[in-house]
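Below is one structure; the comments refer to it alone.
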Amino acid sequence: MAVRIVCIKTDTRPHDNPYVAIDSLEWINERINVKGITERSKLYDWIKNEDGEAYIIDKQGNKTTLIPAVCPEGNKYVKTVYDESEPDYLLGLPECA
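In terms of the numbering used here, the sequence shown has 25 at position 28, counting the first letter as 1, and numbering is strictly consecutive.
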């Protein structure tokens, strides 16, 4: 199953890692038209351990798959780039209502 991430809900407190500031992600399964919201660490587990696929569609219509990552403090998160030398489109998604 694959889901498209449409927006993110972030914590208002300052964080050293902007990915860890993401509390949850809103998604849609476009194949069956089901929507949901999943906590950041649960989405990480689903992608890492259950072969789940999550992606975003950028403004040019390109599909970019999310990858699981863990920060040095042990916090699980997802992102679209392997290193921060390129912009991460996940961080550019709108804030969920």
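No residue lacks a Cβ here, since even glycine has one placed at the ideal position from N, Cα and C.
Near residue i, what residues of its chain come up, given a Cβ to Cβ distance below 7 Å and the 5 sequence neighbours on each side ignored?
i   : result
P15 : L88
G49 : M(-2) and W43
E27 : R1
Would you kindly report the start and end of the unbroken beta strand (DSSP E) that includes residue i?
i   : result
I25 : I19 to N26
Measure the Cβ-Cβ separation of residue i and residue j and say whether it is below 7 Å.
i   : j   : result
I90 : C4  : Note that residue 90 corresponds to Leu in the displayed sequence, not to Ile. Yes, the Cβ-Cβ distance between L90 and C4 is below 7 Å.
K45 : P65 : yes
How long is the line joining the alpha carbons of residue i and residue j, rounded to whole angstroms?
i   : j  : result
G33 : K6 : 13 Å
Between which residues of its own chain and residue i is the CB-CB distance below 8 Å, once the five residues before and five after are set aside?
i   : result
C68 : N14, Y16, V17 and Y74
Spatial neighbours of residue i within its chain, please: CB distance less than 6 Å, with the 5 preceding and 5 following residues excluded, ordered by chain position.
i   : result
E36 : S21
Which residue wins for smallest C-alpha separation from residue i, given the options the options?
i   : options               : result
I54 : Y86, H12 and A94      : Y86
A94 : Y79, W24, H12 and E70 : W24
A51 : I19, T77 and H12      : T77
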